[in-house]
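Position 198 (the sequence shown) corresponds to 198 in UniProt numbering; numbering is contiguous. For reference, the structure is listed below as structure tokens.
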Amino acid sequence: MSAADCSLAAFHPIHRPLSRRPAFSSAPNLLRPPPPPSPRPRSLLLRRSRRADSHGILRRASPITMSSPGADRLPLELTELNDEPDFEKLLAPGGGRISICGFGSLLSERSARSTFPDLVDFRVARLDGFRRVFAHAAPIFFERGIAKAETKEISSLSVEPCDGETLVVTVFEIEKSEIPAFIRRELEFRFLAVRPQTLDGKPFENLAVLCARYSDEEFFRIRCRGSKEIYFQHYGRYNIDKIWRDDVLPCRVYLRHCVLAAKNLGDVAYDNFLDHTYLADRQTTIRKYLGTTGLGIMEEEPPESLRTRYGG
Numbered sequence: 001m002s003a004a005d006c007s008l009a010a011f012h013p014i015h016r017p018l019s020r021r022p023a024f025s026s027a028p029n030l031l032r033p034p035p036p037p038s039p040r041p042r043s044l045l046l047r048r049s050r051r052a053d054s055h056g057i058l059r060r061a062s063p064i065t066m067s068s069p070g071a072d073r074l075p076l077e078l079t080e081l082n083d084e085p086d087f088e089k090l091l092a093p094g095g096g097r098i099s100i101c102g103f104g105s106l107l108s109e110r111s112a113r114s115t116f117p118d119l120v121d122f123r124v125a126r127l128d129g130f131r132r133v134f135a136h137a138a139p140i141f142f143e144r145g146i147a148k149a150e151t152k153e154i155s156s157l158s159v160e161p162c163d164g165e166t167l168v169v170t171v172f173e174i175e176k177s178e179i180p181a182f183i184r185r186e187l188e189f190r191f192l193a194v195r196p197q198t199l200d201g202k203p204f205e206n207l208a209v210l211c212a213r214y215s216d217e218e219f220f221r222i223r224c225r226g227s228k229e230i231y232f233q234h235y236g237r238y239n240i241d242k243i244w245r246d247d248v249l250p251c252r253v254y255l256r257h258c259v260l261a262a263k264n265l266g267d268v269a270y271d272n273f274l275d276h277t278y279l280a281d282r283q284t285t286i287r288k289y290l291g292t293t294g295l296g297i298m299e300e301e302p303p304e305s306l307r308t309r310y311g312g
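Pasting the structure below:
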């Protein structure tokens, strides 16, 4: 299977013509995206469903398919969340909380609580039809002094749809009031609504938010409004002129943290992380990387100031 078969590049944002509210209303320098570009060739378009789910969210069916135990192959439907009202449609009835999927540093409950101190119901789950990839430059690593630009060890994790892949993730709930900060913090990602399952395959009642692969063009056009000044605030000041790349390697401190976090969840999560997480080439698994080029990463301690945050 080629990398293109598993890419989100053809997944266009859902534009709702009836909504007049700016996207990311809590961040005044970010506006709702302009109308989408001219249609791409039919082979790249996603088939659009005419039905809404029980949460009132219009579903878009991806051409990617997934396998479910004991079932025929089913379409993996993806719904993109563009603004706070979209997120609010995922709130649990009566509780005012929204579910978040963790696949990297958020595999660690301690790490998750450093970001979301009031989270509840932290648990392990399964997510079919996605894989993890270290394929984008992360400015937070430059801010914290753990990026190694000279070796291109600057990448964080994202996920992208991929037929036949299954991830062990975590799911937890945060308050509605935390949504704006979550959006601002994860600005370089595409937000998707997904339905995780228990490890034995029982679908969760509520949809969860997943931070997936975005694109440089969309980030600049939509999140930065085409402004070089806004882009500079987020990336340019770190000499990052391209976010989503195939020539970067994992940030060493971050990779170690994610591996330890997965290990602390048990053997199933640990093996899944090693075998279903890839370098940007989408061929080399983390298990192989840690046994070859990345040998020694797991023995390196993080800086003293980051030992709690990146301690697994």
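We put the beta carbon where it would ideally sit given N, CA and C, even for glycine.
Other residues of its chain near residue i: CB distance less than 8 Å, five sequence neighbours each side excluded
| i | result |
| --- | --- |
| F220 | G226 and Y231 |
| F204 | S99, A125, V171, R195, P196, Q197 and T198 |
| G95 | E173 |
| C251 | A138, F141, I146, A147, K148, E153, I154, S155 and S156 |
| R132 | F103, G104, L157, S158, V159, L167, F273, H276, T277 and Y278 |
| A269 | L107, V124, V168, A262 and K263 |
Extent of the continuous alpha helix (DSSP H) run through residue i
| i | result |
| --- | --- |
| R184 | I179 to R185 |
| T166 | Note, T166: premise wrong, no alpha helix (DSSP H); beta strand (DSSP E) at E153 to E175. |
| S108 | S108 -> no alpha helix (DSSP H), and no H or E assigned at all. |
| L91 | Careful: L91 lies outside any alpha helix (DSSP H) and carries neither H nor E. |
| R287 | I286 to G291 |
Those residues which DSSP pairs with residue i across a bridge
| i | result |
| --- | --- |
| P203 | Q197 |
| G102 | T170 |
| R190 | A212 |
| R97 | E175 |
Enclosing beta strand (DSSP E) for residue i [first to last residue]
| i | result |
| --- | --- |
| G311 | Careful: G311 lies outside any beta strand (DSSP E) and carries neither H nor E. |
| R132 | V120 to A137 |
Chain D within 9 Å of residue i, Cβ atoms only
| i | result |
| --- | --- |
| S114 | Considering every chain present, this structure includes no chain D. It has just one protein chain. |
Cutoff 7 Å; reference residue i; Cβ partners in own chain excluding five residues on either side
| i | result |
| --- | --- |
| C247 | In the sequence as displayed, the identity of residue 247 is Asp instead of Cys. Closer than 7 Å at the Cβ level, and outside the excluded window around D247, lie K152 and A280. |
| residue 313 | Limits of the chain in this structure are 1 at one end and 312 at the other, which puts residue 313 out of reach. |
| E175 | G96, R97 and D118 |
| K288 | none |
| A208 | S99, I100, C101, V171, V194 and P196 |
| T284 | Y278 |
| F130 | V159, E160, P161, C162, E165 and L167 |
| I297 | R252, L255, R256 and L290 |
| I243 | H136, A137, E188, D216, F219 and Y235 |
| C224 | I230 and Y231 |
Close beta carbons around residue i, own chain, < 6 Å, minus the five adjacent residues each side
| i | result |
| --- | --- |
| E304 | none |
| I286 | L274 and T277 |
Assess contact between the segment 82-100 and the segment 192-208, defined as three or more Cβ pairs (one per stretch) separated by less than 8 Å. Is contact present? The segment 82-100, when compared against the segment 192-208, does touch it at the 8 Å Cβ threshold.
Within the segment 246-279, ranges of the alpha helix (DSSP H) (whole runs, at least 4 residues): As for any alpha helix (DSSP H) of minimum length 4 sitting wholly inside the segment 246-279, the runs are 252-264 and 267-276, ordered along the chain.
Counting only runs that start and end within the segment 204-243, where is the beta strand (DSSP E) found for 3 or more residues in a row? You should have 208-212.
Is the segment 157-169 touching the segment 206-225, taking contact as three or more C-beta pairs under 8 Å? Enough Cβ pairs lie closer than 8 Å, so yes.
Three Cβ pairs or more, each shorter than 8 Å: is that satisfied between the segment 262-271 and the segment 106-114? Contact check between the segment 262-271 and the segment 106-114: three or more CB pairs, one atom from each, fall below 8 Å, which counts as touching.
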